[in-house]
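Shown next, in structure tokens, is the structure this report addresses.
Protein chains: 2
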Amino acid sequence: MYPNLLVKRASLTPNRLAIIFEDQQWTFSQLQQEAIDFAEKLHKLGVNKGMRIAILASSSPQLVTVLHGCMQLGCELVMLNERLTEDELIYQLNDSQSDVLLVDRLDRSLMYGNRISFNQVTGASNKQFQIDAEWPKDRTITIMYTSGTTGKPKGVRQTLENHVMSAMGSALNLGVQPNDCWLCAMPLFHISGFSILMRSVLYGMTVSLHTKFDANKSIEEILNGTVTRMSVVAVTLERLISVLEERNQTFPDTFQSMLVGGGPVPLHYLERAIKCKIPVLQTYGMTETSSQTTTLSSEDAIRKLGSAGKPLFFAEIRISGKKEIGEICIKGPHVTKGYIGAASSKDPQDDGWLHTGDMGYIDDEGYLYVVDRRSDLIISGGENIYPAEVEQAIVKHSAVKEAGVTGIQDEKWGHVPIAFVVLKSEVTEEELKSFMKPQLATYKQPVRYYFIEELPRNASNKILRRKLHEYL
Amino acid sequence: MYPNLLVKRASLTPNRLAIIFEDQQWTFSQLQQEAIDFAEKLHKLGVNKGMRIAILASSSPQLVTVLHGCMQLGCELVMLNERLTEDELIYQLNDSQSDVLLVDRLDRSLMYGNRISFNQVTGASNKQFQIDAEWPKDRTITIMYTSGTTGKPKGVRQTLENHVMSAMGSALNLGVQPNDCWLCAMPLFHISGFSILMRSVLYGMTVSLHTKFDANKSIEEILNGTVTRMSVVAVTLERLISVLEERNQTFPDTFQSMLVGGGPVPLHYLERAIKCKIPVLQTYGMTETSSQTTTLSSEDAIRKLGSAGKPLFFAEIRISGKKEIGEICIKGPHVTKGYIGAASSKDPQDDGWLHTGDMGYIDDEGYLYVVDRRSDLIISGGENIYPAEVEQAIVKHSAVKEAGVTGIQDEKWGHVPIAFVVLKSEVTEEELKSFMKPQLATYKQPVRYYFIEELPRNASNKILRRKLHEYL
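Protein chains in written order, with numbering that gives the first Met the number 0: chain G, 0 to 471; chain C, 0 to 471.
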């Protein structure tokens with residue numbers, strides 16, 4: 000058992016700031032009060048302990064209250080990505096058999112059996128319930144969907160122990176300082192954002208919440224000493240650097256660490272960051288590991304630039320295969336115990352290790368270098384795109400015989416998807432694009448469709464996606 | 000499972016300083032190397048994984064190597080207090096059925112079946128063994144003896160999980176900073192000292208090791224910024240304050256926290272400490288909880304002076320009984336799972352809580368005030384003295400009918416024991432003192448013997464030790 004995270008934190012440091020947002024702020028005590036109030040109203044509306052609640056909402060302080068409120072009530076959170084299409088969201092709602100869909104605004108078009116808006120909850124009366132002082136370690140806190148080789152999204156179960164041990168391992172690497180404040184401009188429905196909320200209640204750390212990334216606003220809070228830590232992906236890091244370079248400014252000593260994750264980071268970004276005195280620390284993490292598995296430590300930031308660091312205290316990695324570069328495998332109390340829904344029979348660590356599909360090597364000193372994310376993964380501005388999922392959407396069109404999707408480099412997003420299509424009958428690129436629109440989130444849409452005669456395949460008839468580039 | 004603590008730490012930050020001692024220093028990599036070397040030699044001498052090794056040694060860097068070496072080999076450490084008499088030590092050796100007694104010097108008079116000196120080990124050749132990369136959470140790391148109401152010392156099992164969760168809870172209260180260095184002048188055979196070594200490998204934190212407490216030397220290392228944290232008991236805190244007051248000096252901002260534990264601390268010590276800018280944080284802990292259970296946080300240091308703070312993140316306390324002041328009960332992953340030897344059938348948390356016997360109350364804001372340690376406990380300079388144990392030694396004398404022991408206040412040590420004796424035949428105080436000398440450690444010896452007619456007892460014939468003061 001672990002203590003009820005928010006209640007324990009509010010009892011330890013009730014008056015410390017939990018959240019700052021524009022000119023508003025909440026102490027841990029206030030956050031607890033609002034979260035429990037929300038939970039009591041939700042309970043009044045028929046929501047009970049053990050239920051699964053899907054949440055579709057933009058980042059806001061209210062969302063933080065809602066997430067904590069649902070946790071207080073003892074519910075499992077299905078974190079929906081607001082960039083997905085309705086078709087994609089409906090799949091996740093059905094697969095997770097969510098009891099309730101909570102939406103931040105009534106004008107969201109997504110419909111579901113039991114749909115409740117934040118305002119409907121806040122307008123309800125209260126119904127008290129027994130607040131648990133302790134939570135079981137294996138309680139599912141969050142469920143986040145991620146796709147795999149098959150293209151079918153899988154609901155990853157993130158337990159209390161996953162979140163706690165992830166945060167503790169990170170603390171032993173980055174340290175915990177009295178005035179720490181973590182800027183969160185990452186989506187809260189992703190583990191990159193949600194894990195900041197978990198660290199906040201465990202460490203007693205302030206979160207500066209931004210509804211979306213804004214380079215100028217972020218830099219301002221860092222320069223004035225409010226913010227001491229921040230998480231970014233390559234694209235947002237580059238924007239921060241560009242602004243600093245333009246203004247000829249550097250970061251102050253009060254700023255402790257800039258965690259750079261969510262995919263590959265060009266080495267020259269890191270070099271430019273160091274020149275601006277941004278203490279960049281590359282990290283390697285994923286939904287299945289409730290955030291960071293390896294992270295560079297500040298003392299190695301410059302000497303080992305380009306490496307994703309060493310496994311955090313409670314984590315282990317190994318490279319499988321006989322060659323120097325092989326598949327990265329992960330072990331530790333932060334690794335998911337399993338999936339829900341259609342994927343629930345899959346064991347993510349059947350031999351005690353999570354096989355990531357990502358390729359990398361460990362140097363003589365034990366530092367991990369991620370050479371390539373799994374061959375079937377395209378990372379675009381920190382979002383994961385699984386070619387199989389896109390291909391399956393394309394082939395639904397009656398004119399299409401088969402399709403192959405891969406990523407190409409993009410100045411702004413790192414990579415974007417493109418599609419290669421073998422046709423049965425005539426269809427235009429425009430027709431395919433409008434056919435695809437309702438099926439997949441915008442960031443997953445191929446930017447170009449190439450019509451070819453045949454897809455490159457190996458002996459066992461698998462698409463060789465890396466070979467698709469030769470058709471360009 | 001947790002990672003092998005020292006091996007993991009040395010892999011993460013090999014070049015960070017682990018130990019500084021006078022003008023010598025060891026990095027984590029060097030400490031690992033020396034520990035494994037010691038373990039291999041010990042193995043050559045027939046010591047194997049799973050054996051129980053009793054250690055009798057003064058604090059020194061070599062002792063740190065020895066302790067880590069034994070842990071690497073997979074042995075359980077029976078931590079002997081060098082202030083005890085031979086009779087007392089023999090009891091612990093027999094009760095723990097230690098396989099080996101390791102002594103730092105051959106000229107120690109304590110003899111035991113398989114006795115090996117540090118030099119005998121370092122002179123041996125090496126025999127390699129399989130180093131475990133992971134350690135089970137419930138592995139017994141240390142065994143420390145503490146007495147109880149019966150006066151019989153009990154061997155407390157401190158598991159890996161106890162030590163790890165204690166250190167993690169402390170980190171979430173005190174923080175972990177990049178240049179932290181903890182001054183250890185507490186005995187390593189006590190949990191107060193040993194827990195500093197555990198924090199060191201978990202946090203990657205430097206320990207400045209002092210073989211014994213020296214106020215001037217401690218102050219020097221604090222003033223020059225080397226040391227950022229320190230643990231003291233009331234007596235040593237007072238000496239630090241006196242020196243600072245004499246010199247009209249205050250502590251610098253680089254110093255983070257002065258943990259004051261091991262028994263009651265006079266309020267005026269704390270007030271004088273604050274004037275010298277010593278950030279004193281009272282703590283409440285014990286052998287059975289592998290160090291701290293509650294600790295004041297720095298933001299409350301002044302406002303809540305006199306309180307022992309709130310339970311650390313993973314710990315819980317409650318006051319049992321119907322009145323405001325009652326017995327302090329403790330729960331959490333840092334609480335011992337049990338005893339070894341004669342006491343092994345006792346369950347320290349039969350209802351899920353450790354009943355400490357200490358009296359205290361929790362104020363409206365949740366802060367613990369320890370009103371009195373268990374009625375049968377005398378704390379003298381941070382060492383625990385159990386009256387029952389002293390009484391049992393006294394009544395062994397043929398002239399003694401019965402004896403009662405209690406503590407009186409002492410300017411220097413806080414408290415010292417005095418004895419009340421009912422005689423069967425003539426004996427002098429001097430005779431009793433020399434009779435007692437070989438039986439009990441010096442600090443446990445009553446400073447005065449009072450001969451009385453009858454002991455105060457309650458209806459069920461139990462000695463009312465608090466009433467003994469009326470006979471003075």
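All C-beta atoms in this analysis are idealised placements derived from N, C-alpha and C, irrespective of residue type, glycine included.
(request) Kindly give me the distance between the Cβ atoms of Gly49/G and Gly73/G, rounded to whole angstroms, as I take these residues to be in contact under 8 Å. (result) Indeed they touch by this definition, with Cβ atoms about 6 Å apart.
(request) Measuring only between beta-carbons, confirm whether Thr139/G sits less than 8 Å from chain C. (result) Not one chain C Cβ lies under 8 Å of Thr139/G.
(request) To the nearest angstrom, report how far apart Ile318/G and Ser290/G are at their CA atoms. (result) It is roughly 19 Å from the alpha-carbon of Ile318/G to the alpha-carbon of Ser290/G.
(request) Check the Cβ of Met167/G against every Cβ in chain C and list those closer than 7 Å, keeping chain order. (result) Those within 7 Å of Met167/G in chain C are Met167.
(request) Evaluate Asn178/G with the Cβ neighbour count: other Cβ atoms within 10 Å of its Cβ, from every protein chain shown; 16 or more gives buried, anything less gives exposed. (result) In this structure Asn178/G is exposed. Its beta-carbon is surrounded by fewer than 16 other beta-carbon atoms within 10 angstroms.
(request) Can you tell me the Cβ-Cβ gap for Arg156/C and Thr26/C, rounded? I've got them flagged as a contact below 8 Å. (result) By a beta-carbon distance limit of 8 Å, Arg156/C does not contact Thr26/C. Their separation comes to about 31 Å.
(request) Measure from the C-beta of Val175/G to each C-beta in chain C and report whether the shortest distance is under 8 Å. (result) Closer than 8 Å to the CB of Val175/G there is at least one CB belonging to chain C.
(request) For Leu201/C, go through chain G and note every residue whose CB falls closer than 9 Å to its CB, in chain order. (result) The answer, in chain order, is Leu171, Phe312.
(request) Could you tell me which residues DSSP puts in a beta bridge with Gly413/G? (result) DSSP lists Asp409/G as partners of Gly413/G.
(request) Only counting runs of 3 or more residues, tell me where the beta strand (DSSP E) segments fall wholly within the stretch 260–337 of chain C, in order along the chain. (result) 279–285, 290–294, 315–319, 325–330, all fully within the stretch 260–337 of chain C.
(request) Report yes or no: is there a C-beta of chain C within less than 8 Å of the C-beta of Lys7/G? (result) Interface residue, yes.
(message) For a contact defined as C-beta to C-beta under 8 Å, what are the partners of Gly365/G on chain C?
(response) Residues of chain C passing the Cβ test: Ser10.
(message) Whole angstroms are fine: how far does the CA of Pro152/C sit from the CA of Ser169/G?
(response) Spanning the two alpha carbons is a distance of roughly 40 Å.
(message) Please return the same chain residues whose Cβ sits closer than 7 Å to the Cβ of Tyr268/C, not counting the five positions on each side in sequence.
(response) Contacts found: Ala233, Leu236, Glu237, Ile240.
(message) Run through chain G and tell me which residues come within less than 9 Å of Tyr1/C, C-beta to C-beta.
(response) Here the neighbours are Phe312, Phe313, Pro332.
(request) Kindly list, in the order they appear in chain G, the residues whose Cβ is closer than 8 Å to that of Lys309/C. (result) For Lys309/C, the chain G residues whose Cβ falls inside 8 Å of its Cβ are Ser10, Leu11, in order along the chain.
(message) Less than 8 Å between the beta carbons of Ala399/C and Ile407/C, yes or no?
(response) The displayed chain sequence assigns Val, not Ala, to residue 399/C. The answer is no: Cβ separation not under 8 Å.
(request) Please compile the residues from chain G whose C-beta is within a distance smaller than 8 Å of the C-beta of Ser296/C. (result) Correct list: Leu11, Thr12.
(message) Within a Cβ cutoff of 6 Å, which residues of the same chain sit near Leu100/C, ignoring the five residues on either side of it in sequence?
(response) Taking C-beta separations shorter than 6 Å and ignoring five residues to either side along the sequence, the partners of Leu100/C in its chain run Ala53, Tyr111, Arg114, following chain order.
(message) At 4 residues or longer, what runs of the alpha helix (DSSP H) sit wholly inside the stretch 217–247 of chain G?
(response) Correct list: 233–246.
(request) For Glu209/C, count neighbouring C-beta atoms within 10 Å of its own C-beta (all shown protein chains included) and say buried if the count is 16 or more, exposed if not. (result) Reading the sequence as shown, one finds His at residue 209/C and not Glu. Buried, by the Cβ-count rule.
(message) Less than 7 Å between C-beta atoms, sequence neighbours within five positions excluded: which residues of the same chain meet that for Ile301/G?
(response) Here Ile301/G has Ile273 as same chain residues with Cβ atoms under 7 Å from its own Cβ, once five neighbours each way along the sequence are excluded.
(message) So Lys126/C and Thr158/C are supposed to be a Cβ contact under 8 Å. How far apart are they, rounded?
(response) Not confirmed; about 28 Å, so no contact.
(request) Using 10 angstroms around the beta-carbon of Ala132/G, count the other beta-carbons present and answer buried if the total reaches 16, otherwise exposed. (result) Exposed, since its Cβ has fewer than 16 Cβ neighbours within 10 Å.
(request) Look at the alpha carbon of Ser10/G and the alpha carbon of Gly203/G, and state the distance between them as a whole number of angstroms. (result) Going from the Cα of Ser10/G to the Cα of Gly203/G covers about 11 Å.
(request) Check whether the stretch 380–394 of chain G touches the stretch 411–419 of chain G, counting contact only when three or more Cβ pairs, one atom from each stretch, lie closer than 8 Å. (result) Three or more Cβ pairs drawn from the stretch 380–394 of chain G and the stretch 411–419 of chain G lie within less than 8 Å of each other, which places the two stretches in contact.
(message) Check whether the stretch 219–234 of chain G and the stretch 180–189 of chain G touch, using three or more Cβ-Cβ pairs below 8 Å as the test.
(response) They touch, by the three-pair rule.
(request) Take Ser95/C as the anchor and find which of Ala123/C, Thr139/C, Ser58/C has the nearest alpha-carbon. (result) Here the closest residue by C-alpha is Thr139/C.
(request) Would you mind stating whether Tyr470/G and Tyr449/G have Cβ atoms separated by less than 8 Å? (result) For Tyr470/G and Tyr449/G, yes; Cβs fall inside 8 Å.
(request) Measure the C-alpha to C-alpha separation of Asp36/C and Leu44/C and round it to an integer number of angstroms. (result) Asp36/C and Leu44/C: Cα-Cα distance of roughly 13 Å.
(request) Measure the Cβ-Cβ separation of Val404/G and Val389/G and say whether it is below 8 Å. (result) When the beta-carbon positions are compared, Val404/G and Val389/G come within less than 8 Å of each other.
(request) Compare the Cα-Cα distances from Ser424/G to each of Tyr442/G, Ser397/G, Leu439/G, Leu311/G and report the closest residue. (result) The shortest C-alpha separation from Ser424/G is found at Ser397/G.
(request) Taking Ala166/C as the reference, give the member of Phe128/C, Met197/C, Leu187/C, Thr441/C with the closest Cα. (result) By alpha-carbon distance to Ala166/C, the top candidate from Phe128/C, Met197/C, Leu187/C, Thr441/C is Met197/C.
(message) Across the stretch 75–87 of chain C and the stretch 12–26 of chain C, are there enough close Cβ pairs to call them in contact, namely three or more that are closer than 8 Å?
(response) Segments in contact, no.
(request) For Tyr111/G, name the three-state secondary structure that DSSP assigns. (result) Assigned with DSSP and collapsed to three states, Tyr111/G falls in coil, not helix or strand.
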